[in-house]
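A.B. asks: I'd like to ask some things about the structure below.
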Amino acid sequence: NVQGNILYLTDGLLKERLLNDENLITLNTKTTKSVIFFMDEVHERSINIDLCLALFARLLKLNPKLKTKMKLIISSATLDASVPSLYRKISGCSLAEFNLTSLSTLYPVTFNRVPNENLLDLVQQLYSQRNRHDQILCFVGSTQDVHENCQLLKKLTKGAIVAYPLIQSQSAIDQQKYIEQGSVFISTTVAETSLTFPCLKYVIDTGVINMPVYSLELERTELQEIKAAESTTKQRLGRLGRTQPGEYYALYNYPSGQQRKYPIPQICQSELVNIEFSLRKSRLKTNLREFQEYLPDKPKHEYIDDAIKQLQRLELIDTASNAHFTNMGAAIAKLPDFSSLSMSKAVYAALKRYRCGRDLIVLSSVLSVLNTSAILKSIPAEYKRSEGDFMTLLQVMNTILLVRDAVPAKQFNIDLVCTAKRLSTAAHVIKPALRRYKNLEKAFSLSDELHELARVQSGNWENIAKALLKGFSDKVYASQKILQGKTQQYVKYNINQRTLTTGQQDSLNEASSIAVIDRTSTLRTGNKGAVPASLILARDVRYLTAIRSTAILSFVGQVEAAWLEYTFTRELKLNENEERRLKDANILQNAITQFAHTQMQINNRKLIFKGTSGNILNAELYVRQQLVTTLNFTLASNQPNSPHYNLTRNLKSVTSMPGDLFGPLRWRWESEHQVKVRTKMNKNTGTIDVTVEGLDSQNELVRNEFMSFLSWLRTCAVIRDPNSGVSPRALKPQVRDQFLDMEKKISNITDPERTSLDMWRSLKGPNATRETRMEVVAWIAVCQFYCRVEGGFVRDWVVGNYSSKPNNLPLNQWVQKPASGVPILNKDLVPSDLDCHLPQSKIFDIEGFLDALYSYGITATQWRQDWRYVLLIDEDAKTGPFTMDLIEPHIALTHDRIDFDVSNLSLERGYTKDLGMRVDIASGLYPIQLETIVENIRNKNFQVLRPIDGENGPNTSGTVADRIRKMVSRGWTQVGTPFSFIPDPPKTYNAVLVPYPSSTLLYQNIVTEMRKIPGANVISIEQIKNPDIEALYEYMKRTISKECPGNDPRERELFHGTGGEAIQGIIDRGFDDRFFATSGAWGRGAYFADDPRKSNGYAPSDPNTGRRIIFYNKVLLGNESEQTQTNNTISAAPQNHHSVHGTGFQYHEYIVYRYGQALPYLKITYTAP
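If you count the sequence shown from 1, position 629 lands on 629 in UniProt numbering, and the numbers rise without skipping.
Okay, structure coming up:
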């Protein structure tokens, strides 16, 4: 009612009136009393509120006589002192300040600080005690949190409690409908002021808020979770006590000084380009540099400079003076407001150049009312267009407009039309979009220049896309797939960032410009689906930096390179070989000739492109294709003629394995870098031919991975079969009831049917801990990505139920990040980390895994090494951080040894009560059963299963001695005699040799003994694993023990020297009585000595290498027959004896006569004169 005495306006409309309506209030305004402007909820400090405050201040300062004509009332529950201070500085302006500190609410409000309570548990508790109509309002940080908590509450209560979401994007009608029928509400900031609750009894406040913050360095707005200011929480508290007594529950307890008194005004942390343009085009003809004096809080000058530079880049103001509009700027200033300068430029281009004005005006109408792309999911398939989301939305709007224009206005019913066109779920968007379009129609009808152009409809995507590109050229993205990157990722391909240092620019190019298409888009494809669009244009680029650095592209359309006309510079990094190939193969010269409109030059190992974007893209794709090379190499043993050499044997085993060992590696390189990797297994030669096709820099990285695998093979005793280990099984019935708590934890990790509700309890429930969050991450790895979890987490937490944290150490100091290398957790953290083996038969996508973590609100940072991913998880979570190793499947097969029995357990998908073993130690000579391991863990006992390197120094990090020390420091006890467990060799081999660690006590003792030989130098000591001989030896040990006093078989470690073919014979067949010496002083037997000098005499040097061999053996002497006189007729130990002890020479000799009575244990390789 234009004749009404009261006019209600939004802050946005008031700003527009103050900016552009010169007759809003003047000296000629006729009024018997003052015109009163009443601004409420000023504490919100939105951009429009601050601009209104500034415009009023300017009006009062420049037109002091208006003070007799108007009064300004500023109302707010809380108010920063900068607002009254602004008006206090205006000369002659009287300021009356009313601070109603003693005014209480109509009803009392109780304040409860409960930082340890859980939101949903508290809701259920309050719901159970409320009166019938009492309402509960919860404030959370983000829209995602709203929907997640609504869903979880429904699942928690099995539908008994329904929580209604209240978010900014909802229509007022929907919000009011929810409030009228609901009892529980979960809201973002929208419910702080603008909504009225008739029966509000409880407010639960998480004390956090998601705030868009503009980054000058990255030129983008990021959504950041921050602590709500005191004024914000006070406003939330103020929702209570209006209709009945209320209770406020604060789920936060911020230390003093950590919570701001008032929020940072949005104008001080937002992009200012639209504000700068609106001030320049307004009747005031001003700018932020001049206007900022009227603002209560002034933005930093860098933000204003940034806005000016952006206007120059958009070609809207002169680059020289900054004072005047360009011709385009002046023309766009005359257009109606399209919410953004980008859309204004696009509409102008559509009107003036591409003859699709109506298309862009219609499109802008619907886009202006959409903050998120969620609506795209509800649009029926018949409206979806292959060109992308822009054409899909245009199709929807044109369908409605076609009906509107075909019937009289009074007969047009939008609800009926939406129902008939199967668009009811989008009606809440279509209605305001139609109102917006109607206003724009009216505005253009008043323009003599543009009213006909505004009615021109093309329907042609190329024209529409070219117009959009005029405004959104900074949001063009190229598929990483065509640029030899990850299939589903896109990289920003547009105008340059501002001038930065080299390091900053590299960081921008490599990290912050990476994006993926929103899942709601019609252009979103899967890893195995259609080929992603090569080039796309996006309206929105969202950065959720709280969890993932990758941007989300919303409202996207597919474009062609030929449509790109803007000029920019792009760099392609080169290595030395790629730079040489560019020059030597004339690739660069040919590219310059073929793409004459693009400048190309090499500078500092970078190929720099300059020109129009479409030409640059074509030139870059050409250069990249020409730079693709083929790298061939072979994985082979450095001793191919030595079949008993570990690497030779392991390679032979690899080439004979069933399945595709390198399938996951091949998929990863092709999916992430478009590098093709082919492998050929040569069973006859035991070699692997590898062919790699990609850029030289990528090919070298692939080679590094294979070389890393080769190095693991070299140190691996016996490469494991993909199906090796012990399959998971339950504990035996007689002990199983003692470990039901353990089975519950196993189920938490391995049960694919685990519910999201149960997951939530572990992540955010009242009893959630660091360990339960680790369980969820393990569940994602095992049940969604088919990994296998093993090691310390299974030992300490799943079985042992042990946990500990550093004393008096802040959470942010639990992890150290070396300048190079992976993060290191504090040694007092138990469990420390998660160890996972990636699946051999399934594809693992690290980005998909990180997205899965993100979907549960879990943060993770990744490091990539040649053989694994390392993740730092929950770095900022209040429960504390942990790390995770994701080991490549082909590397996992080389992990054949185990330090301790208690570290050998594993968990697999679907085995919900069962434990497996990574390495099979349940069979063989010294079997350790699953029940024994579990019992050891519960009693904090452990047995060492490999040589204790570091026991004789140096005890460095990573040695077995260091690991023993750590276990002991945590209260564990070493039990049993340490023994060196080595897996059995492949069936085609009798034995396997493994290097014995040089820092063990035994190694050092042997070296000391060997020094008795003049000039001796030990080169290596290797442990021999021969399961058949070991079994025979153990049988003899049991037999001889029964015949000895005290069942003591008198086992001794003795030396035996030999040479030639006998060396391999002893390794393969032990001390075979068929080959016993016939010329020995005590007859036909196997001779041993306790002094290596004696054995040295029987160890000839190899004529080719000069090396000698002595075996260090375990010998069963039993009842010895000591003889001082030689007797070469003996063929067996005397009756009632098991061996002969000859003492007739300088060195004592020990002779056994039966096969299996001696076990070759170590092979000593040395040189001696």
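Don't be surprised by glycine CBs; every beta carbon is placed ideally from N, CA and C.
State the start and end residues of the unbroken alpha helix (DSSP H) segment that holds Y1033.
C.D. replies: P1027 to K1042
A.B. asks: Report the partner residues of M917 according to the DSSP bridge assignment.
C.D. replies: V726 and L905
A.B. asks: Buried or exposed: N494, going by 16 or more other Cβ atoms within 10 Å of its Cβ?
C.D. replies: buried
A.B. asks: R422 by DSSP, collapsed to three states: which one?
C.D. replies: It is coil, neither helix nor strand.
A.B. asks: Hey, quick one: how far does the alpha helix (DSSP H) through F277 stretch, first residue to last?
C.D. replies: Here the alpha helix (DSSP H) through F277 covers V273 to K281.
A.B. asks: Spatial neighbours of F37 within its chain, please: C-beta separation below 6 Å, excluding the five flanking residues on both sides.
C.D. replies: L72
A.B. asks: If I measure Cβ to Cβ from L582 and keep anything under 6 Å in the same chain, skipping five residues before and after, which residues do I get?
C.D. replies: L588
A.B. asks: Just the C-alpha distance for I135 and C199, rounded to the nearest angstrom, thanks.
C.D. replies: This sequence places Gln at residue 135; Ile is not what is there. Going from the Cα of Q135 to the Cα of C199 covers about 6 Å.
A.B. asks: Of the choices V559, T755 and Y437, whose alpha-carbon is the least far from that of K158?
C.D. replies: T755
A.B. asks: Across the region 606-625 and the region 561-572, are there enough close Cβ pairs to call them in contact, namely three or more that are closer than 8 Å?
C.D. replies: yes
A.B. asks: Given a cut-off of 9 Å on the beta-carbon distance, is the pair S424 and K573 in contact?
C.D. replies: no
A.B. asks: Quick check on this structure: which residue in V782, I746 and N1128 has the alpha carbon closest to the alpha carbon of D796?
C.D. replies: Of the listed residues, the one whose Cα sits closest to D796 is I746.
A.B. asks: Measuring only the C-alpha atoms, how far is T879 from K805?
C.D. replies: 10 Å
A.B. asks: Please state if the CB of R938 and the CB of V919 are separated by a distance shorter than 9 Å.
C.D. replies: no
A.B. asks: If you scan the region 950-1026 from start to end, which runs of the alpha helix (DSSP H) of 4 or more residues do you find wholly inside it?
C.D. replies: 960-969 and 1001-1010
A.B. asks: Can you tell me the Cα-Cα spacing of R1154 and K940, whole angstroms?
C.D. replies: 42 Å
A.B. asks: Which runs of the alpha helix (DSSP H) fall wholly inside the region 1-82 and span at least 4 residues, in chain order?
C.D. replies: 11-20 and 47-62
A.B. asks: What do you get for P1169, buried or exposed, if any count of 16 or more other CB atoms within 10 angstroms of its CB means buried?
C.D. replies: exposed
A.B. asks: Given a threshold of 16 other Cβ atoms within 10 Å of its Cβ, counted over all protein chains shown, does H133 qualify as buried or as exposed?
C.D. replies: exposed
A.B. asks: Could you tell me the boundaries of the beta strand (DSSP E) in which C836 lies?
C.D. replies: D833 to H837
A.B. asks: Whole angstroms are fine: how far does the CA of L393 sit from the CA of I552?
C.D. replies: 19 Å
A.B. asks: Take K732 as the anchor and find which of G329, P722, K1042 and E743 has the nearest alpha-carbon.
C.D. replies: Of the listed residues, the one whose Cα sits closest to K732 is E743.
A.B. asks: I'd like the ranges of any alpha helix (DSSP H) spanning at least 4 consecutive residues and lying wholly in the region 631-682.
C.D. replies: 646-655 and 663-673
A.B. asks: Could you check if P889 is buried or exposed, using at least 16 other CB atoms within 10 Å of its CB as the buried criterion?
C.D. replies: Flag for P889 reads buried.
A.B. asks: Unbroken alpha helix (DSSP H) runs of length 4 or more, entirely within the region 393-420: which are they?
C.D. replies: Entirely contained in the region 393-420, the alpha helix (DSSP H) runs reaching 4 residues are, in chain order, 414-420.
A.B. asks: Let's see if you can read the secondary structure: which residues bound the beta strand (DSSP E) around A852?
C.D. replies: Unbroken run through A852 is the alpha helix (DSSP H), I846 to S855; no beta strand (DSSP E).
A.B. asks: In the region 190-254, which residue ranges form an unbroken alpha helix (DSSP H) of at least 4 residues, counting only runs that do not cross its ends?
C.D. replies: 230-237
A.B. asks: Could you tell me which residues DSSP puts in a beta bridge with C138?
C.D. replies: The beta-bridge partner set that DSSP reports for C138 consists of I186 and I204.
A.B. asks: Flag this pair as yes or no: are the beta carbons of P1100 and G1065 separated by less than 9 Å?
C.D. replies: Not in contact: P1100 and G1065 (Cβ atoms no closer than 9 Å).
A.B. asks: Quick one: Cα of Y596 to Cα of A409, how far?
C.D. replies: Strictly speaking, residue 596 in this sequence is Ala, with Tyr absent from that position. In a straight line, the C-alpha of A596 is about 57 Å away from that of A409.
A.B. asks: Determine the extent of the beta strand (DSSP E) in which N112 is found, giving its start and end residues.
C.D. replies: V109 to R113
A.B. asks: Where does N704 land, buried or exposed, given buried means 16+ other C-beta within 10 angstroms?
C.D. replies: exposed
A.B. asks: Give me the DSSP bridge partner(s) of K431.
C.D. replies: Answer is none; K431 lacks a bridge partner.
A.B. asks: Which value, in whole angstroms, describes the spacing of the CA atoms of D866 and Q974?
C.D. replies: 34 Å
A.B. asks: Measure from the alpha carbon of S980 to the alpha carbon of each residue in M967, K1025, I173 and I964, then state which is nearest.
C.D. replies: K1025
A.B. asks: Are the beta-carbon atoms of I873 and L853 separated by less than 9 Å?
C.D. replies: yes
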